[in-house]
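Numbering (this note's numbering), first residue to last: 735 to 1179.
Okay, structure first, notes after.
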Amino acid sequence: MAVNQIPDLTIWDNRWDNLYTRLNEFITCYDPAAESAFPRQAAIHNLARRLQAFGGEHYQFFRQNLGGLLEYTGNFPAEFVLKVILDQINNDLDVITRAANLRQACPANVQQILAQADRYAQSIIGRAGGLLPPGSTALCYVQKNPSVRIVPYAPIVLIGIPLTSGSIGRDILAIPHEIGHYVYRYGEVNGVRICKSLNTRVPNTPIWVKRWTEEIFADVFGCLAGGPVMALSSQHLALHNYSKEKFTAADSNHPAPALRPDIYTKVIGERARSLSLASDLLAAWNVRKARRGNPVEIVLRNGNRKLIADYISPGSGIDHTNFAVDRVIRETLDLLDGVALNESGSLHINSLYTDFQSALGAMTGQTFPGLPPLPAPPNTLWKDWVKGEKFFEDNAGNGILPANVTPPPIPEGTLDDLDNNPNGTWIHLLFAAGWSTEIGNHRSP
C-alpha cells in the first residue's frame, strides 16, 4: 500500500459506533427528567450531549475527507488521526462520568469538597469579567493531581482536584491557574482571542519560551485572580512536588519549576498595593531555592542547558526589553489590564494561607448564585465552532461549503505549526485548539 493511500478504517468506525452507544447510555442515565437528581446534573447532562454532537462531527469530518478535501501524505496516518479524536472523546466522557458519579455516589464530605471547589472556581471565573464567553462555568472532579480540561464544545472548564482539598483549603489553589488556561484559549480582548493576540505580541522569542506562553499566562492570571496567596503557594509546589533533578527540568509546554515562583513574584511586584510583599516573597523564595542548591541552569527536554539569568530578570521587577520570560509576563499583564489583583486579607506573607482559608469558609457559607446550565447543543455546534475559530480564514475549505464548490485540498501542516496561530493547515483543526491532550506526546523538544 502506498504511503498516501487511505487504509481500511472499518474497525475505527466500529469503535466510534461503540463510543456513540456509550454516550447515549450516559445521556439517558443522567437525564434531569429522570427521578434521580444530584448537584450540577443539568450541566453534566448537557455537557455529554454536546460532546456527542461535537465529537461525532469532528470524527466524521476527518473520516470522510482525508485524501480529498484534506491533503493526505501519510505523515499523519489515518489511523493516528482517528485515534487522536476517539481518545479525546473517551477522555472527556471519563471525566464527565467521574464528575457525575462523585456528586451522587460518594460520601457527603466528598460532595462538600466538590461544592466548595465549584463555588471557588466560579468566583475566579467572575474575576475575568467580560473577557470570557457568556455563561462560562466550571465543573470540578476528583483525581490525584490538579489538572484542567478545556473543551471546544461548551463554555466550561473541567478541573481535577485532589481529595486532600477537604480541610486544607490551599490544596485547591491550583484552580485559578487552571482557569487561566481557559481564559488564554477562549478569552477575548478587543474582539481578538487572547491566545492569538499574545502569540503576535512576543515575536522573536526563543522557541522553548514561546511554548511556555500559555503556562506563563495561566500563572499570571492565576496570581491576579487568586491573589498573593498564589505566589506563596507556587513556592511550596515547586519545592515539594519535584525531585532535585526535576526542579530544573522544562518540558515542551512548562517552564522549569525553579522559574515559576519568580513569575508570580513579578506579578505581585507590579500590581500589589503593599510595597514590601514582593520583597518578602522574593526573600522567602531565595531561602527555599537554596535547599535545591540555588540552580543557575535549566534543562530542556532535548538535554540542552540554558542559563536562567539569560531569560528571566533577577528581583521582582519586569525587564521586558532584555529578558524573554519577562516579555511574556509584561504582554500578559497588558492584556489583563482589566483584571485587578485580588488583595483580600492582610497582605502579610505569614497570614496569606490563613486569610485564604477564612475567605474560602465564608464563601461556602453564603448563598452562591446558581451555576448556569449549558444549553442544549445546536445541530451546527461543530460547524459554528470551525467558523468561530477561523482555522481556514483564507481558505474556503471549512467543511460547510455548498455541494457544488470544490476547493483545493487543505494542507496537512506539521506539529511545529501548532506553535503559531492557525495558518490554514488541518493539523490545527485536528488538535482542536488544544482540545486533544496528545500533542505533547508527539512533538519534538
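We put the beta carbon where it would ideally sit given N, CA and C, even for glycine.
Cutting at 8 Å between CB atoms, please list the residues of its own chain near residue i, excluding the five before and the five after it.
{"i": "Pro863", "result": "In the sequence as presented, Pro is not what sits at residue 863; that position holds Gly. Cβ neighbours of Gly863 beyond the five flanking positions: Gly1072 and Val1073."}
{"i": "Asp1089", "result": "Val963, Ser1078, Gly1079 and Ser1080"}
{"i": "Arg1177", "result": "Only weak support is given to the placement of Arg1177: the predicted model assigns it a pLDDT of 45, under 50, and the question is left unresolved by the model."}
{"i": "Gly925", "result": "none"}
{"i": "Glu1065", "result": "Leu932, Arg935, Val936 and His1054"}
{"i": "Arg945", "result": "Ser986, Asn987 and Asp1153"}
{"i": "Asp765", "result": "His779"}
{"i": "Asp1128", "result": "Note that Asp1128 has pLDDT 47, beneath the 50 cutoff, so the model's placement of it is unreliable and the number below is only indicative. Closer than 8 Å at Cβ, skipping near neighbours: Gly1158."}
{"i": "Ala1137", "result": "Low local confidence applies: a pLDDT of 46 at Ala1137 is under 50, so the model's placement there is unreliable, with the coordinate-based value given in what follows. Correct list: empty, nothing qualifies."}
{"i": "Phe955", "result": "Ala862, Pro910, His911, Ile913, Gly914, Val917, Tyr918, Thr1066, Leu1070 and Val1073"}
{"i": "Ala738", "result": "Residue identity differs from the one stated: residue 738 is Asn in this sequence, not Ala. These residues qualify, in order along the chain: Gly801, Tyr806, Thr807 and Gly808."}
When DSSP labels each residue in this structure, what does residue i get in the three-state scheme?
{"i": "Leu1034", "result": "coil"}
{"i": "Thr871", "result": "strand"}
{"i": "Glu922", "result": "strand"}
{"i": "Lys1124", "result": "coil"}
{"i": "Leu983", "result": "Checking the sequence shown, residue 983 turns out to be Ala, not Leu. Reduced to three states, the DSSP call for Ala983 is strand."}
{"i": "Asp978", "result": "Per the sequence shown, residue 978 should be read as Lys rather than Asp. In this structure, Lys978 counts as helix in the three-state DSSP scheme."}
{"i": "Ile745", "result": "helix"}
{"i": "Ile740", "result": "coil"}
{"i": "Leu781", "result": "helix"}
{"i": "Val882", "result": "strand"}
{"i": "Leu1149", "result": "helix"}
{"i": "Arg837", "result": "coil"}
{"i": "His1162", "result": "helix"}
{"i": "Leu907", "result": "coil"}
{"i": "Arg1025", "result": "coil"}
{"i": "Leu1015", "result": "helix"}
{"i": "Leu1009", "result": "coil"}
{"i": "Arg927", "result": "strand"}
{"i": "Leu1081", "result": "coil"}
{"i": "Leu804", "result": "strand"}
{"i": "Leu993", "result": "coil"}
{"i": "Arg1086", "result": "The sequence as given places Leu at residue 1086; Arg does not occur at that position. Leu1086 falls in the helix class under three-state DSSP."}
{"i": "Leu757", "result": "helix"}
{"i": "Gly1168", "result": "helix"}
{"i": "Leu966", "result": "helix"}
{"i": "Gln1100", "result": "Its pLDDT being 41, under 50, Gln1100 is placed unreliably by the model, and the measurement read from it follows with that caveat. Coil, per DSSP."}
{"i": "Leu892", "result": "strand"}
Beta-carbon within less than 7 Å of residue i's beta-carbon, same chain only, minus the 5 sequence neighbours each way: which residues are those?
{"i": "Leu1069", "result": "Val923, Ile928, Ser931 and Leu932"}
{"i": "Ala1058", "result": "Thr939, Pro940, Val943 and Tyr1045"}
{"i": "Gly1133", "result": "Since pLDDT at Gly1133 reaches only 47, below the 50 mark, its modelled position is unreliable, and the value read off the structure follows with that caveat. Phe795, Lys1117 and Val1120."}
{"i": "Ser967", "result": "Arg904 and Leu907"}
{"i": "Ala983", "result": "Ala990 and Val1033"}
With residue i and residue j assumed to form a contact (beta carbons below 8 Å), what rounded beta-carbon distance in angstroms separates them?
{"i": "Leu958", "j": "Leu1075", "result": "5 Å"}
{"i": "Asp1060", "j": "Ser1047", "result": "5 Å"}
{"i": "Arg837", "j": "Gln850", "result": "Actually they are not in contact, since the Cβ atoms of Arg837 and Gln850 sit about 13 Å apart, beyond 8 Å."}
{"i": "Leu897", "j": "Val876", "result": "6 Å"}
{"i": "Ile906", "j": "Ile895", "result": "6 Å"}
{"i": "Ser1170", "j": "Val818", "result": "5 Å"}
{"i": "Trp1160", "j": "Phe788", "result": "Not confirmed; about 17 Å, so no contact."}
{"i": "Leu873", "j": "Ile890", "result": "6 Å"}
{"i": "Ile1144", "j": "Leu743", "result": "At roughly 19 Å, the Cβ-Cβ gap does not stay under 8 Å, so Ile1144 and Leu743 are not in contact."}
Less than 6 Å between C-beta atoms, sequence neighbours within five positions excluded: which residues of the same chain meet that for residue i?
{"i": "Phe796", "result": "Val815"}
{"i": "Pro991", "result": "Ala972, Tyr976 and Phe981"}
{"i": "Arg1005", "result": "Leu1075"}
{"i": "Pro1156", "result": "Phe1125 and His1162"}
{"i": "Gly801", "result": "Ile740"}
{"i": "Ser1008", "result": "Leu1081"}
{"i": "Gly1147", "result": "Thr1159 and Ile1161"}
{"i": "Trp697", "result": "With the chain running from 735 to 1179 in the structure shown, residue 697 is simply not present."}
- prompt: Enumerated in chain order, which unbroken segments of the beta strand (DSSP E) with a length of 3 residues or greater are wholly contained in the region 1033 to 1072?
  reply: Segments of the beta strand (DSSP E) lying fully in the region 1033 to 1072: 1039 to 1041.
- request: Could you pull out every unbroken alpha helix (DSSP H) segment of at least 4 residues lying fully inside the region 929 to 956, listed in chain order?
  value: Restricted to the region 929 to 956, the alpha helix (DSSP H) segments that are unbroken, complete and at least 4 residues in length are 941 to 944, listed in chain order.
- request: Assess, as a yes-or-no matter, whether the region 877 to 897 is touched by the region 824 to 833 under the definition of 3 or more beta carbon pairs within less than 8 Å.
  value: With a cut-off of 8 Å, the region 877 to 897 and the region 824 to 833 count as touching, because enough Cβ pairs lie within range.
query: Quick check: the region 966 to 973 against the region 934 to 951, are there 3 or more CB pairs under 8 Å?
result: Cβ pair count under 8 Å is below three, so no.
field: alpha helix (DSSP H) runs wholly inside the region 811 to 865, at least 4 long, in chain order
entry: Positions of the alpha helix (DSSP H) runs, each at least 4 residues long and wholly inside the region 811 to 865, are given as 812 to 836 and 842 to 861 in order along the chain.
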